[in-house]
Every structure is written in structure tokens, then in C-alpha cells.
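Below is one structure; the comments refer to it alone.
2 protein chains.
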Amino acid sequence: MRFEMSDIDHKRQLMSKHRKPPTMADIARITGVSPMTVSRAFKADSLINKETREAILQAAEDLGYVFDSTASNLRSQKSDFVAVTIPSINNANFADTVGGLSETLATRRMQILLGYTNYDMQEEERLIEQLLRRKPQAIVVTGGKHTDRARRLLENAPIPVIETWDIPAKPIGYYIGFSNAAAVREMVDHFVKVGYRRIAFIGGDVGRDTRGSDRRLGFVEAMKTHGLDSSRLIAAGPPPISMREGANAMARLLQEFPDTEAVICVSDLSAFGALTECQRRHIAVPSRIAIGGFGDYEIGSISVPTLTTINARSRDIGQRTGQLILDILDDRPDTDHVLIKPELIVRESSK
Amino acid sequence: MRFEMSDIDHKRQLMSKHRKPPTMADIARITGVSPMTVSRAFKADSLINKETREAILQAAEDLGYVFDSTASNLRSQKSDFVAVTIPSINNANFADTVGGLSETLATRRMQILLGYTNYDMQEEERLIEQLLRRKPQAIVVTGGKHTDRARRLLENAPIPVIETWDIPAKPIGYYIGFSNAAAVREMVDHFVKVGYRRIAFIGGDVGRDTRGSDRRLGFVEAMKTHGLDSSRLIAAGPPPISMREGANAMARLLQEFPDTEAVICVSDLSAFGALTECQRRHIAVPSRIAIGGFGDYEIGSISVPTLTTINARSRDIGQRTGQLILDILDDRPDTDHVLIKPELIVRESSK
DNA sequence: ATGAAAGCGCTAACAG
DNA sequence: CTGTTAGCGCTTTCAT
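In the order they appear, the protein sequences are chains H and E.
Residue 351 is where the first sequence ends in full-length UniProt numbering, and the numbering goes up by one at each step.
Residue 351 is where the second sequence ends in full-length UniProt numbering, and the numbering goes up by one at each step.
Given below as C-alpha cells:
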């Protein structure tokens, strides 16, 4: 009895914050095998005696052993994770992409190492360098525009590089995305078809949000194609564009171009903000002014009225990216890019 | 000229995906110094000749050298990051906490390694193990309830453990949070004071969302204290609770308890969903039924009407957590916990 | 201001 | 099925 007590005390001491954590060598000593056997016991597939493994795993659990990925990665010269950069931590679209990617990679026991650029290319550069230092198996970046140095870092990286959510002007490696301009063009085409003529666009004015700028560009091109006035452009400032900024932009739109019949917003969040501004002014949507958004966020499916929008298939982007990475690592990629087809969803906020 | 070309070709070859990436030893060879000097050149504070450093950094840039954190961390037995678990990647409150934490840690050049539990304790356990394997400097978890094994892993971890967003029943190490129950009690008190009596609660029915359950508990307690009926409880299912689920819950509430005067929702998102259900049914808010939310999400400040809510000071939680970690690492923590005081914000959706 | 030697914890490669 | 040896790329420690 006394012996057991002291044994427990010993274990507690071993596991305390002040002692060095146990290593495989410690487990090896206790179980009377070599460190290599301990290493094998932790790999699912390796040939090892069933009882030996069980004893080792038991000893590990008793000791409070935690596997050291750092040492493992260094020795085997490969890691078990993929680095990912997204603009914002709080965006349902990017969250869906990361979710789809994560679930696909999980089938191969790979993790995601995530970083946020805050829509800033300088920050993206810093982040890419940080992430590459940790030796990921692949790196996924959101967008196709980067600082010169970031581009160089990616080009020189000894791993696959995948750009997403854009069709890069000059792809670095692989890419999976769609044309933001073409998606908005489709919405403009629809708006024109159902009879709107005086159409405005909110957002996309700041170059650093390349996807937003692209959407705005698509608007301008489409309006010109239809021979319509493409100058009803309202700035909304740098991303992320809040609901509040959407509301403010709508207030300016109503002042500058009071006869506007429809407005396309750079995202559903700004579109909802714009809608609330109309509600506060008792301006009927869509009868007096129609509203379109982008991204198919939940709010657009539940607001009153619901919002016409574009579903960019964010989750698909992530899943396809994950599958591409697995194919590349298996050395059998079919292709170096995947084009995604966004879908126009017409709801109550427009004809 | 020809020489320059071949030089460039050589560099390209060195940097290609098929060659082994350069190491400090390569830089050392090229610049004619020892690897140790190269190592010093990358540390900001180390004593090293200015020109030597410049030559080394230049050579590194030319070679496309990327510092290997894995090797560095292994040798120095410490990393430069803090592990963090949050329930969801797409939640403005947790995003703010991570933002505050990230910005505080950045002052000491520390990074965040983030993982998502998807509101699942089993998933949290897996995640905690994964994160600990990478040897973070500290680990921050959201919430104070964990699986037995997760708790053991945290207790045995040789690093500081900080639980956030809750006041844990049995703290593992440090904690920074608030009482979700007390925050809701304050809202109930306010509602009773301004005259509401038949008050309902939406959400918090599933045990796995401990913060939601706590809020519901606070509601029940407060109603009992006031001698009011605390049985108007509407389930909303497992987290994350969507706007849609809030709307569905409101529909059930109106059916089951049609004379309800006010409803408190587990979050602003479900509160907004509930609001839209009222709008679809032309039920006036707040004159016919008042609505309260939780979390002070942007939508509650811009919806029509704006939503009464509770600001949990998510960003503060992150900043205080970051500061505590820095203090612990400097070996001078003032305290082992910080209590945050949420703030009731009364807006248009209630008296 | 710089270098030499050793080793962090794990596993590749080979041997038995 | 298990063990031995060596070494991943860096930095600690001790010299000079």
C-alpha cells in the first residue's frame, strides 16, 4: 500500500509542470524495448507485436507522454499539415472553404495550419513566410495577387502552391477558383433581362480587395455591354465591408442617384446593410429599388425580404482543393486548375 | 553575360521544387563563415559584425533560404506560438477574442496555432492532443468543460493552460471569463423592471454548448427569483444555432405560448432569426413581443429594429488572455484568473 | 565577434 | 518482429 502511494507520487512528479516531459526513450526504458520499437508502436501500420504495442501505449498513457511532432517532422523531413491563408477569421464563405478543405484532408490524417491576412498583402507576405518556416506539405492561399516577395517565396517553395477564390492573372502553381467578374456579369444580365436599367454597384473600390474590385469590374463591363450607364459606383471603403458600411453606401446612393432602380452590393453583408437603410427610410424593396448581394450568406436566405445573391460554392472550393492536394501528394494530379461555376440565386429582393 | 545567365540558371535550379532547400550550412559555405554565425545573423539581438550579417542575409535571400522553425524549436526546446481552441471558425465573438489575443501576443513576436472543436468535446480532445504535440508555449481553450482525457492532457501539459469564456467549475490552471448565467440574469432583471412578465427563452437546450446551457440556467434562476413562470423554454438544437433555427424556434414559441411578452435568445443570430419570423407574420417588435439577444454581433446594431443584447467583451477576453500569458512567461503573473463584466445594451427591440 | 562540438527527440535505413 | 546507427537543421555551451 505504501509502495503504491509512493508510486503514484512519483508519477505525479514525473508529470508535473516542473519536470521535463517524458520521451520515447523513457517509455523504451520502462517497457524494456528499444526506442525504435516505441516509435513503431505509435504508427498505425507498422509491424509490431500486439502485446508489445499495448504495453507501450499503456506506459505512454501512464507517463502522460505526448508525441513530439517537432522532432518527428524534422527527422522525417515532412509534416502532416497544410498551410492555409484566408483574409478574415470571421467570414462564412472562407470558413466554408476551410471546412471543406479540412474535412477532405482529414481522410488522410492531415491538419490545417491557418493564418489570417486581414485583407492585407503585406500581412499576407509575412504570414506566408511564417507558414513556410514550419514546412507544410502544401500551401493554399486565398486570391491570386501577392507582393513580389510573397510571390517569390511561393515560387521557390519546395511544396505545391494552390491559389483559390480567383483566377490568377499569372498562376504560381495550381489554382481553384472562379471569375468574380463573370459572376457579377451574370447578375447584371439577369437584372437587365427582367427590366432594370438604372443599376448601381456598392463596394469594390479599394484595390486591396481584389475579389471585390473584380466584381465591380464585372459590373462595369456588363453595363457597357448592354449600353447602359456604368457610372453609378458607390465606394464602401476597405474590406471587410461591414453591414454598417453597406447601409452608409446605400444612403449615399439614394442621395447621389435617387432614381436608381437596382443596386448590386459586393457581398450579402453590405447588401443587408443597404436593405436596412431602405427599411429605415420606408423605401420599398424590391418595388422601389431592387438589391443583389454576393456570397449566399445565411442572412440573405432569412432576411425580409430575402436577398438575391450569388453562391460561389465556397465549400466546393475547399473540397476540390483538398482533393487536388491529395492527388498531387500521390503524384497523380489530373490538372493544374479547377474552375468553379458560381450560381445566381434570385430571391425576393429583386425581380 | 553568358556567365550571368548560367548563374541565374544555377540559382533557379537550386530553388526548384526538385532540389533540397538550402540550409544554414549552405549559406555558411557560400559566405565563408560557420553555421553558428549564420544562425546569429538571423537573431535580432545577437552580437555580430554588421557587414557579416548583411552578407549572410543577402546570400540567404539569393538562395531563397527559408528558416526552419521545426529544427529551431526542437533544438531550443521552445516554440514561438500559443495553441488556441475555439468552437467555430465563423463566429464574430470568438474571432474577436482570437484577434485580441493575436494582437497582444504579436508584441512578443508570438504566433497563434488555431483549431476548431465544432462545439464537440470529443473533437476538442483530439484537437488538444494534436496541438500539444507541436509544443506550444501555452494553450488557450474556450470553455471550462472537457472530456476526462482532455482534462488529463491539459493538467499534465508542461505549459500554462488558460480556460476562457466561462468560469470553470473546476479550473485546470488559469481562467479568464464571465458568468453566462449572471449576464442573462441581468437582462431578465431589466425586462422585469420595465414591465415584462411572460418571458421566454430560446436555445441552450443541448448540454454540449455549455455557455448556451448556462445562459438558459441564468434565465430560469432569475425568473424564479422574481416569482415568475420559468417554463417558457424553446429548444433550438445543437450549436452553432443558426438564424434559421432562431426563426423556427420563434414560430414554435408563438404557437405554444402565444401570450409571451418578451423572449431572450441564446445569441444575436437566433434573435435576428426570431425577429424575421415576427416580420413575416406582421407581429410588431417590440410592441407586441420584445426580443433580447446575446453577444452584440453587428447585425443587432443595424437590424430594424436594433436588438437589445449583451456585450461579452470578446476582444477584451483575448487581450487579457494574451497579457496573462506574457506575464506567466515572464514569471510574474499577478493572478490566476480574470473576471470579465459583460454589459447589457438596451436597444429598440425591447423597452 | 566567431567557431567547434554536441545534441534536441525522433525515425530512415539497414541488419538480424 | 526488433534493434543499431546515424542524422534531420538548428542552437546551446564553451572556447578563443
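Just so you know, even glycine gets a beta-carbon here, dropped at the ideal spot from N, CA and C.
Since we're looking at a predicted model, the values are computed, not measured.
Secondary structure of T335/E (DSSP, three-state): coil. About 26 Å separates the CB atoms of E163/H and V188/H; that is not less than 8 Å, and the two are not in contact. Comparing alpha-carbon positions, the option among N93/H, F81/H, M121/H, I89/H lying closest to V206/H turns out to be M121/H.
Put simply, the CB of E221/H is far from chain E, with every gap to its CB atoms at 8 Å or more. Annotation: the continuous alpha helix (DSSP H) that includes F191/E extends over 180 to 193.
The Cβ of E123/E sits no closer than 8 Å to any Cβ of chain H. F201/H: member of the beta strand (DSSP E) spanning 199 to 202, first to last residue. Membership of A28/H in the alpha helix (DSSP H) is indicated by the continuous run 24 to 31. A direct Cα-to-Cα measurement between L114/E and Q111/H gives close to 11 Å. The beta carbons of Y119/H and P305/H sit no closer together than 8 Å. For the segment 124 to 151 of chain H, the set of positions with a beta-carbon nearer than 7 Å to some beta-carbon of chain E reads Q130, L132, R133, R134, K135 in chain order.
Look at the segment 275 to 291 of chain E: the residues with a C-beta under 7 Å from a C-beta of chain H are T276, Q279, R280. Nearest to A92/H by alpha-carbon distance, out of T117/H, G143/H, S314/H, is S314/H. Nearest C-alpha to G204/E among I283/E, G32/E, D214/E, D259/E: D214/E. The Cβ atoms of I302/E and M250/H lie no closer than 8 Å to each other.
The Cβ neighbour count for T107/E, taken over all protein chains shown within 10 Å, is under 16; the residue is labelled exposed. Taking 7 Å as the upper bound on Cβ-Cβ separation, chain H lies near residues G64, V66, F67, D68, S69 of the segment 49 to 69 of chain E. Under DSSP, I345/H takes part in a beta bridge, and its partners are T309/H.
At a cut-off of 8 Å between beta carbons, G177/E makes no contact with chain H. Residue pairing of A83/H in beta bridges, as defined by DSSP: L113/H, I139/H. Checking the DSSP bridge columns, you'll see I167/E has no partner listed. Residue range 290 to 292 is occupied by the beta strand (DSSP E) that includes G292/H. Q111/H has a beta carbon lying within less than 8 Å of a beta carbon in chain E.
Taking a contact to require three or more Cβ pairs closer than 8 Å, the segment 164 to 181 of chain H and the segment 316 to 328 of chain H qualify as touching.
Contact between V66/E and P21/E holds, since their C-beta atoms are separated by about 6 Å, short of 8 Å.
Under the 10 Å beta carbon count, V194/H is surrounded by fewer than 16 other beta carbons and is classified as exposed.
In the structure shown, the three-state DSSP call for G177/H is strand.
Buried is the label assigned to G293/H, since at least 16 other Cβ atoms lie within 10 Å of its Cβ.
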